[in-house]
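Visitor: Reading the sequence shown from the start, the letters are residues 175 to 800 in this note's numbering.
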Amino acid sequence: MTEPGDAQPGRRRFEWWHQLRPRTRRTIRVVVAFVLSGVLSLFAGLMTADFEGSLGPHRADYTVRLNGEIQVDMGPLGALIIDSPLPLNLGVDVLVKEIPIELSTPETNPVAGLTADLTSYSQFLANPQAAIEDAAYGLALDIVSRWILYWSLLLVAVALGRLAAHGVLRDAVKSAWHQQGVPAVSIALAVALVALPLVEATQTSGGVGRTSRILADTPLAEARITGRLATLVDHYGGYVVDAINDNTEFYAQAQTNLEAAYAAEDEPLGPAEGETPQESPPDSGTGPTDLASDATTAPGDATSTGDPTGSGDPTTDSGDAATGTDASPSGADADATDAQGADADGPADGPGADESETTEADPDLVTMLLVSDLHCNVGMAPVVGAAVTASEASLVLNAGDTVMGGTSVESYCVNAFARGIPDGVPVVVSDGNHDSVTTAEQEAAAGWTVLHGEPVDVQGIRILGDTDPTLTSLGAPTRPERDETINQMGNRISQEACRLDEDGEPVDIVLIHSPFAGRQAVEAGCATLSISGHLHRQVGPRQLGLGLQYTSASTAGAGSGTPTIGPLANPSVMTVIRWDPEAGLPVDYRLITIDPDTSVDLSDWYAFPEVPDTFVPGDAQGSTDE
Numbered sequence: 175m176t177e178p179g180d181a182q183p184g185r186r187r188f189e190w191w192h193q194l195r196p197r198t199r200r201t202i203r204v205v206v207a208f209v210l211s212g213v214l215s216l217f218a219g220l221m222t223a224d225f226e227g228s229l230g231p232h233r234a235d236y237t238v239r240l241n242g243e244i245q246v247d248m249g250p251l252g253a254l255i256i257d258s259p260l261p262l263n264l265g266v267d268v269l270v271k272e273i274p275i276e277l278s279t280p281e282t283n284p285v286a287g288l289t290a291d292l293t294s295y296s297q298f299l300a301n302p303q304a305a306i307e308d309a310a311y312g313l314a315l316d317i318v319s320r321w322i323l324y325w326s327l328l329l330v331a332v333a334l335g336r337l338a339a340h341g342v343l344r345d346a347v348k349s350a351w352h353q354q355g356v357p358a359v360s361i362a363l364a365v366a367l368v369a370l371p372l373v374e375a376t377q378t379s380g381g382v383g384r385t386s387r388i389l390a391d392t393p394l395a396e397a398r399i400t401g402r403l404a405t406l407v408d409h410y411g412g413y414v415v416d417a418i419n420d421n422t423e424f425y426a427q428a429q430t431n432l433e434a435a436y437a438a439e440d441e442p443l444g445p446a447e448g449e450t451p452q453e454s455p456p457d458s459g460t461g462p463t464d465l466a467s468d469a470t471t472a473p474g475d476a477t478s479t480g481d482p483t484g485s486g487d488p489t490t491d492s493g494d495a496a497t498g499t500d501a502s503p504s505g506a507d508a509d510a511t512d513a514q515g516a517d518a519d520g521p522a523d524g525p526g527a528d529e530s531e532t533t534e535a536d537p538d539l540v541t542m543l544l545v546s547d548l549h550c551n552v553g554m555a556p557v558v559g560a561a562v563t564a565s566e567a568s569l570v571l572n573a574g575d576t577v578m579g580g581t582s583v584e585s586y587c588v589n590a591f592a593r594g595i596p597d598g599v600p601v602v603v604s605d606g607n608h609d610s611v612t613t614a615e616q617e618a619a620a621g622w623t624v625l626h627g628e629p630v631d632v633q634g635i636r637i638l639g640d641t642d643p644t645l646t647s648l649g650a651p652t653r654p655e656r657d658e659t660i661n662q663m664g665n666r667i668s669q670e671a672c673r674l675d676e677d678g679e680p681v682d683i684v685l686i687h688s689p690f691a692g693r694q695a696v697e698a699g700c701a702t703l704s705i706s707g708h709l710h711r712q713v714g715p716r717q718l719g720l721g722l723q724y725t726s727a728s729t730a731g732a733g734s735g736t737p738t739i740g741p742l743a744n745p746s747v748m749t750v751i752r753w754d755p756e757a758g759l760p761v762d763y764r765l766i767t768i769d770p771d772t773s774v775d776l777s778d779w780y781a782f783p784e785v786p787d788t789f790v791p792g793d794a795q796g797s798t799d800e
């Protein structure tokens, strides 16, 4: 008989728990540990997340807070503080740091460098949304990465604890908990680990600063500004607000007009069935009529205009690049027209024209959208994306100069263009003289295929190219980025193009920023088509040697002495190219031109010039290998 006060045998505090099957209890423990560790890890990831991005020309550190504020700290100038639109009282601290000088040289002109910084400020202020989205994406990615890392570490720690305790971890914890002082110390430690970071993270600005009447009708109407920054905003804020509004309205209207232009066409994706594309016209002169101010070459090239032949033309012909008129390829006279089976009054015939009769319904054709010389004009990002969608392009070719100076703070430019292009559409880029090794890394991180001197196969098209060997940035003179000139790179690319792959396939397209480095491969018949940018104006497409060459105008509206900031100062040009992978030949093309008044012109479809009858893809390569 049990005396009063004695423990009842077999009685447990949570009898219902012990009535469950052992496997059920084990499953519940695992699920609880998994979920609890996930929640704790997410909180830790939020509290420790940071991202190094940019703010204009500055590096900037972004960190997550729990004070419900977004605070941009400009150091001695003061700070801009707004209520955060994020949920759960989340906020962000932005610490504006130095302007990077990693790409400057002793020869850099300080005045030109300051001008470049001003350009970066203007570029940012004209379209701050791109930098904001870049920072938000960077923070979100860091939060997720830390969450997964911390979660994995916690789960591993729990598993190791169970193994180390030989399956009696709970008993070990209970035993330790009953030791004198352990509960108090444990609770105090837990409170310190959680409370101290929370106190710091939830600390607000205390309502300091004042609003500015200049920002009254903007999303920053309630922003509080401290220090000298408040005076600067009062004085210059109106210009900034007008610039942002003008920029936003311009590119939104340009996108609307582009979509409307495509919607108005009966056959927007190619010539109507049975219709033959027109003969490719002489160079249209799209873009500035003079050479771009950055059309320079590395030391060792023949001229300072970017032409290794000294002719002023991206071919060995004379006068063409300077005048905007199309010279006869390889010094040929007007009889070359008859040799190609076309006259000035009618469409081209022969193999090239026959291929062009294929309509947009032909599943064998690959539609590509060519852009070039974007120069960080991120306002064009959604417009380029709209062009990809409207043209149903399955591949984007970027002929280089995506950014302005190749600095680390220009990652938001690359990311803005990458996010503007629809998901699933690959981008192949050949970096230009305004891009750097840093830019190439940013593009690769964004998922683009960056050409580095070896062919890549995309959608049945073999593409070859390389990054430009020169660099133009931060007011410095154009200088070598590696021990190679433009001409030497062109010769190397030509030699690489003359090698067949293991399946005996030749190079189809040489995509390279400078046309002076793309001519050798097509002249030798080692590639069908060379595509470039750099000159900021259209040249071709035209026959060159045993192949074809095409130089695109700027998609950013870049011109000689006109910056790519704000609404377009010059026409923006994109080229839609249809390619026959089976024949290894370009079929036809059209231009998408956006004018400075936001109007959009879709050109007729033009047939590419016919490649010479003597050119058979692979012949030159085979003879070279021998």
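C-beta atoms are modelled at their ideal positions from N, C-alpha and C, and glycine is treated no differently.
Terminal residues of the continuous alpha helix (DSSP H) containing M221?
Guide: In the sequence shown, counting from the first residue as 1, residue 221 sits at position 47. Segment 196-222, the alpha helix (DSSP H) holding M221.
Visitor: Quick one: grab the DSSP three-state call for A364.
Guide: Translated into positions along the sequence shown, residue 364 becomes position 190. Reduced to three states, the DSSP call for A364 is helix.
Visitor: Determine, using beta carbons only, whether V603 and E617 come nearer to each other than 8 Å.
Guide: Position 429 of the sequence shown, counted from the first residue, corresponds to residue 603. Position 443 of the sequence shown, counted from the first residue, corresponds to residue 617. Yes, the pair counts as a contact, with Cβ atoms nearer than the cut-off.
Visitor: Have a look at A305, L370, V785, A428 and flag the residue whose alpha-carbon is nearest the alpha-carbon of G699.
Guide: Walking along the sequence shown from the start, residue 699 turns up at place 525. When each option's Cα is compared against that of G699, the closest is V785.
Visitor: Name the one or two DSSP bridge partners that W753 has.
Guide: Residue numbering aside, residue 753 sits at position 579 when the sequence shown is read from its first letter. DSSP lists V540, P760 as partners of W753.
Visitor: Considering Q429, what are the terminal residues of the alpha helix (DSSP H) in which it resides?
Guide: As a working note, residue 429 is residue 255 in the sequence shown. Element bounds for Q429: 402-437.
Visitor: Output needed for S668: all residues of its chain with C-beta closer than 7 Å, excluding positions within five of it in sequence on either side, in chain order.
Guide: To locate residue 668, count along the sequence shown from 1; it is residue 494. Counting only Cβ-Cβ distances below 7 Å, and skipping sequence neighbours, we find Q694, A695, A698, C700.
Visitor: Short check: CB of V601 to CB of S568, under 8 Å?
Guide: What you label residue 601 is simply residue 427 of the sequence shown in a count that begins at 1. What you label residue 568 is simply residue 394 of the sequence shown in a count that begins at 1. No. Outside cutoff.
Visitor: Can you tell me which of the three DSSP states M748 falls into?
Guide: Here residue 748 is taken as the residue at index 574 of the sequence shown, counted from 1. Of the three classes helix, strand and coil, the one that applies to M748 here is strand, per DSSP.
Visitor: Quick check: the region 577-584 against the region 645-665, are there 3 or more CB pairs under 8 Å?
Guide: Counting Cβ pairs under 8 Å, three or more are found: they touch.
Visitor: Given this structure, state the Cα-to-Cα distance separating V347 from V266, to the nearest angstrom.
Guide: By 1-based counting over the sequence shown, the position of residue 347 is 173. By 1-based counting over the sequence shown, the position of residue 266 is 92. Roughly 39 Å separates the two Cα atoms.
Visitor: Quick check for students: name the residue ranges of the alpha helix (DSSP H) that lie wholly in the region 619-690, counting only runs of 4 or more.
Guide: Correct list: 660-671.
Visitor: Output the distance between the C-alpha atoms of V588 and I739, rounded to the nearest integer angstrom.
Guide: Along the sequence shown, read from residue 1 onward, the residue named residue 588 stands at position 414. Along the sequence shown, read from residue 1 onward, the residue named residue 739 stands at position 565. Looking at the two C-alpha atoms, the distance is approximately 16 Å.
Visitor: Tell whether a beta-carbon distance below 8 Å holds between V268 and V246.
Guide: Against the sequence shown, residue 268 aligns to sequence position 94. Against the sequence shown, residue 246 aligns to sequence position 72. It is a contact, given that the beta carbons lie within the stated cut-off.
Visitor: Taking Cβ positions, are P172 and I273 nearer each other than 8 Å?
Guide: Because the chain in this structure spans residues 175 to 800, residue 172 falls outside the shown range and cannot be described.
Visitor: Go through its chain and collect everything with a Cβ distance to E189's Cβ below 7 Å, but skip five positions before and after it.
Guide: Residue mapping note: residue 189 aligns to position 15 of the sequence shown, counting from 1. Within the same chain, E189 has no close Cβ partners at all.
Visitor: When the Cβ atoms of the region 416-435 are set against those of the region 444-451, are three or more pairs found closer than 8 Å?
Guide: In short, these stretches do not touch, since the Cβ pair count stays below three.
Visitor: State the CB to CB distance for the pair D675 and L703, rounded to an integer number of angstroms; the pair is presumed to be in contact (CB under 8 Å).
Guide: To locate residue 675, count along the sequence shown from 1; it is residue 501. To locate residue 703, count along the sequence shown from 1; it is residue 529. With 8 Å as the limit, D675 and L703 do not qualify as a contact, their Cβ atoms being about 17 Å apart.
Visitor: Which residue wins for smallest C-alpha separation from I255, given the options S386, S349, H608?
Guide: Start at 1 with the first residue of the sequence shown, and residue 255 comes out as number 81. The candidate whose alpha carbon is nearest that of I255 is S386.
Visitor: If we ignore side chains and look at the alpha-carbon of each, how far apart do G380 and V558 end up?
Guide: On the sequence shown, position 206 is the one that residue 380 refers to. On the sequence shown, position 384 is the one that residue 558 refers to. So the alpha carbons of these two residues sit roughly 44 Å apart.
Visitor: Out of curiosity, what's the CA-to-CA distance linking A620 and A364?
Guide: Stepping through the sequence shown from its first residue, residue 620 is reached at position 446. Stepping through the sequence shown from its first residue, residue 364 is reached at position 190. Computed Cα separation, rounded: 40 Å.
Visitor: Secondary structure at H192, three-state DSSP: helix, strand or coil?
Guide: Taking the first residue of the sequence shown as position 1, residue 192 is located at position 18. Looking at H192 - three-state DSSP - the assignment turns out to be helix.
Visitor: Relative to the alpha-carbon of G212, which residue among N263, S326, G242 has its alpha-carbon at the smallest distance?
Guide: The sequence position of residue 212 within the sequence shown is 38, counting from 1. Selected option, being the one with the closest Cα: S326.
Visitor: Could you check whether H687 and G606 sit closer than 8 Å to each other, using their CB atoms as the reference points?
Guide: Within the sequence shown, the letter at position 432 stands for residue 606. Within the sequence shown, the letter at position 513 stands for residue 687. Contact flag set, yes.
Visitor: Who are the near neighbours of V632 in its chain, counting only those whose CB is closer than 8 Å to its CB and skipping five residues on each side?
Guide: By one-based count along the sequence shown, residue 632 stands at place 458. Excluding residues within five positions, the ones whose Cβ falls inside 8 Å are L569, P600, V602, T623.
Visitor: Judging by CA-CA distance, which residue of D547, N744, S319, L548 is the nearest neighbour of P770?
Guide: By one-based count along the sequence shown, residue 770 stands at place 596. If we check each option's Cα against that of P770, N744 comes out closest.
Visitor: If you draw a straight line from the alpha carbon of S228 to that of T378, how long is it in whole angstroms?
Guide: Along the sequence shown, one-based indexing puts residue 228 at 54. Along the sequence shown, one-based indexing puts residue 378 at 204. The straight-line gap from Cα to Cα measures roughly 24 Å.
Visitor: Straight-line CA distance for G412 to L372?
Guide: Here the question's residue 412 lines up with position 238 in the sequence shown. Here the question's residue 372 lines up with position 198 in the sequence shown. Roughly 38 Å separates the two Cα atoms.
Visitor: Report yes or no: do three or more beta-carbon pairs, one from the region 190-198 and one from the region 303-314, lie closer than 8 Å?
Guide: Short answer: they don't touch.
Visitor: Can you tell me which residues form a DSSP beta bridge with I256?
Guide: What you label residue 256 is simply residue 82 of the sequence shown in a count that begins at 1. Answer by DSSP bridge pairing, in chain order: I244.
Visitor: Count the other CB atoms, across all protein chains shown, that sit within 10 Å of the CB of D481; report buried if there are 16 or more and exposed otherwise.
Guide: Walking along the sequence shown from the start, residue 481 turns up at place 307. The pLDDT assigned to D481 is 41, lower than 50, so where the model puts this residue is not dependable; a value taken from the coordinates is nonetheless given after this. With 16 or more other Cβ atoms within 10 Å, it is buried.
Visitor: Whole angstroms is fine: what's the gap from T641's alpha carbon to I751's?
Guide: What you label residue 641 is simply residue 467 of the sequence shown in a count that begins at 1. What you label residue 751 is simply residue 577 of the sequence shown in a count that begins at 1. Straight-line Cα distance between these residues: approximately 22 Å.
Visitor: According to the neighbour-count rule (16 or more other Cβ atoms, all chains shown, within 10 Å of its Cβ), is Q429 buried or exposed?
Guide: Taking the sequence shown and counting its residues from 1, the one referred to as residue 429 is at position 255. Buried, since its Cβ has 16 or more Cβ neighbours within 10 Å.
Visitor: Buried or exposed for H352, please, with buried defined as at least 16 other CB atoms from any protein chain shown within 10 angstroms of its CB.
Guide: The residue given as residue 352 occupies position 178 in the sequence shown. When all chains shown are included, H352 counts as exposed.
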